[in-house]
Structures are given as structure tokens and as C-alpha cells.
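**Q** Numbering (full-length UniProt numbering), first residue to last: 1 to 282.
Here a beta-carbon is modelled for each residue, glycine too, at the ideal position from N, C-alpha and C.
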């Protein structure tokens, strides 16, 4: 048995944090002045924008979201100007409430198929396979070379543990605060998707205990789907390199993604990746 996970608390904190983020001007409402005790919209303003009664919205914000209809959840999402990841998280919280986990929890331990490893090995760019809790469960040689510091620790390489617990992370990530923010937001999204993931629950507990930075980021209640973008790394062997990353779901392996990293052709970043390939092959 694992401990009671209070969905009510999660719903309450998530809705309050999202409501505080939206200003009257952003919501297109008139501002009649006067002091507001808290930033963002008032509960009655959210209720009006969503087309529900204040009493009903108050019940939702107290965490009583179980049974809320899809139309109501969509209306709340529009009123709070949630993005796609935040909307998905709200629906997962509603579908999972209440959630007291009794009995064996699901494990996410996975070993990738040999055919997947062959695909990785035939890629000409750094590539890794990650799961919901950001274990780096497979990689090609370039991927291991790019994330050499992540893989040189005992046990399972894990991106979240490196970002929050490894003293080398602030140097490796050019924008370490952003890396922390995005990482915690990704973990919260995954926790909403699968509350029975025992390894993810344990990871969040470990990071909450050991990292003040993680506790700060977790308290924001941000959620984020991190599928593509750019990252700048300060690699210990080849120096600073800007790479575009793309994440692809792995067919037949729910929860697993292949993440590739590519440099713009003809740039110094591409030259550094070529140098990294030589270093990895040596």
C-alpha cells in the first residue's frame, strides 16, 4: 500500500494557482479599481466566465471535482486560459478523483526492445529513450556522449535527479532555472496521467526531500508537455552547443519516448556534434 494521495489538495492548489495567474485585463473584464487581496481573478469572475454558479465553482476549487462534466471542465479551462497540457492535467485530476491507492502499484520499469536499440544506433544524431519519470533507459553512443555526466552515476541514469541533485547541473545546462522549471512541470503532468506509477511517486518524494529547488518548482503547480524546442548545453568535452530536441512516442511502448537532438547544418554547433561523435567513437 502506498500513501493516500490527496486529489482534493491537488485540484485546489492547481485551480488557485491558475486563477492567480490570469489578470482582469487578460480575461477581458472591466477593472473597477479597488484593492485585490490576491493576484489574478476572483472566484466569482471565474464562475461568470465559465458560465457556472459561484457556489458550484467554489465546490470545484475546494477539490470536489469528481463528476464534473466535460463541458464544465472545458468552460473552466477556457476561463482560466489553460494551455493544452494544463487542460489535460485538469481532466486527469477529475477522472482520477478521489484516488486512494490500495494494493500493488504499477511499476514503470521497462527494457526497450532490441529493435528499438538498433534504430537508435542507426541514428546520426544524439538520441535517448526516456520514460514518464525521466529515466534514460536507452541511448545511442552519441546520446550517451552528450549526456555523459548523466550516465556516469551509479544506478539508473535519470534526467530529473541530475537536474536537481547533481552539483554539475548548473554548469551543464546554460539555463538551469528553466531546466528546473520545465522538468518539474513535466513530472507533474505525468503524475496526473498515471497516479499509480510507483516509481514516479517515489522519485517525486525523493526530490521533494532532497532538493529545495524542486520543492519551489513543485509548489508552482505548473504542467508542461515538452515535445520540441531548443536547449543549450555546456558540454565538458566540446563546449557550448545549441541543439533542437524532438520527442516522439515509441509505438507499442506506452509512456516511452525517443528524444533526438540535432544541430543546424553548417553551424559551429554542428561542428561540435561532429567532434562529439569523434570523441564518442574513440
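Where do the N-terminal and C-terminal ends of the beta strand (DSSP E) with residue 232 fall, by residue?
**A** 228-235 is the span of the beta strand (DSSP E), which, as asked, contains residue 232.
**Q** Per DSSP, residue 240 forms a beta bridge with which residues?
**A** For residue 240, which the question treats as bridged, DSSP gives the partners 234.
**Q** Here's a check: name, in chain order, each residue in its chain whose Cβ is nearer than 7 Å to the Cβ of residue 191, leaving out the five neighbours to either side.
**A** Once the five neighbours on either side are set aside, the close Cβ partners of residue 191 are 200, 204.
**Q** Restricting to Cα atoms, I'd like to know which of 247, 257, 222 is closest to residue 17.
**A** Answer by Cα proximity: 222.
**Q** Is the CB-CB distance between residue 45 and residue 29 below 8 Å?
**A** In this structure, residue 29 lies closer than 8 Å to residue 45 by Cβ.
**Q** Might you give, ordered along the chain, the residues of its own chain that have their beta carbon closer than 8 Å to the beta carbon of residue 256, omitting 5 neighbours on each side?
**A** Once the five neighbours on either side are set aside, the close Cβ partners of residue 256 are 110, 112, 129, 130, 131, 137, 249, 250.
**Q** Using the Cα positions of residue 116 and residue 252, report the straight-line distance between them to the nearest angstrom.
**A** Roughly 11 Å separates the two Cα atoms.
**Q** Identify which residue in 171, 217, 276, 245 has its Cα closest to the Cα of residue 226.
**A** Comparing Cα positions, the closest option is 245.
**Q** So the alpha helix (DSSP H) residue 274 belongs to, where does it begin and stop?
**A** Its alpha helix (DSSP H) spans residues 268-281.
**Q** Which partner residues of residue 123 appear in the DSSP bridge assignment?
**A** Its beta-bridge partners do not exist; DSSP assigns none.
**Q** Restricting to Cα atoms, I'd like to know which of 57, 143, 22 is closest to residue 83.
**A** With distances taken between Cα atoms, residue 83 lies closest to 22.
**Q** So who's on the other strand from residue 249, going by DSSP bridges?
**A** Per DSSP, 257.
**Q** Assuming residue 120 contacts residue 94 (C-beta within less than 8 Å), just tell me the rounded distance between them.
**A** In fact, because the Cβ distance is near 37 Å, the residues do not count as touching under 8 Å.
**Q** Please classify residue 7: is it buried, with 16 or more other beta-carbons within 10 angstroms of its beta-carbon, or exposed?
**A** By the 10 Å Cβ count, residue 7 comes out buried.
**Q** Which of the three DSSP states is assigned to residue 210 in this structure?
**A** Here residue 210 sits in helix by DSSP.
**Q** With DSSP collapsed to three states, give me the class of residue 194.
**A** In this structure, residue 194 counts as coil in the three-state DSSP scheme.
**Q** Terminal residues of the continuous alpha helix (DSSP H) containing residue 288?
**A** No information on residue 288 is available, as it lies outside the stretch 1 to 282 that the chain covers here.
**Q** Identify whether residue 46 lies in helix, strand or coil by the three-state DSSP scheme.
**A** Correct three-state label for residue 46: helix.
**Q** Report yes or no: do the segment 267-274 and the segment 170-183 share at least 3 C-beta pairs separated by less than 8 Å?
**A** Flag = no, the segment 267-274 and the segment 170-183 do not touch.
**Q** Please classify residue 7: does DSSP put it in a helix, a strand, or coil?
**A** In the structure shown, residue 7 sits in a helix (DSSP, three-state: H, G or I).
**Q** Got a sec, what are the start and stop residues for the alpha helix (DSSP H) residue 76 sits in?
**A** It spans 70-79 - the alpha helix (DSSP H) in which residue 76 sits, taken as one unbroken run.
**Q** Using alpha carbons as the reference points, say which of 146, 159, 74 lies closest to residue 263.
**A** For the residues 146, 159, 74, the minimum Cα distance to residue 263 belongs to 146.
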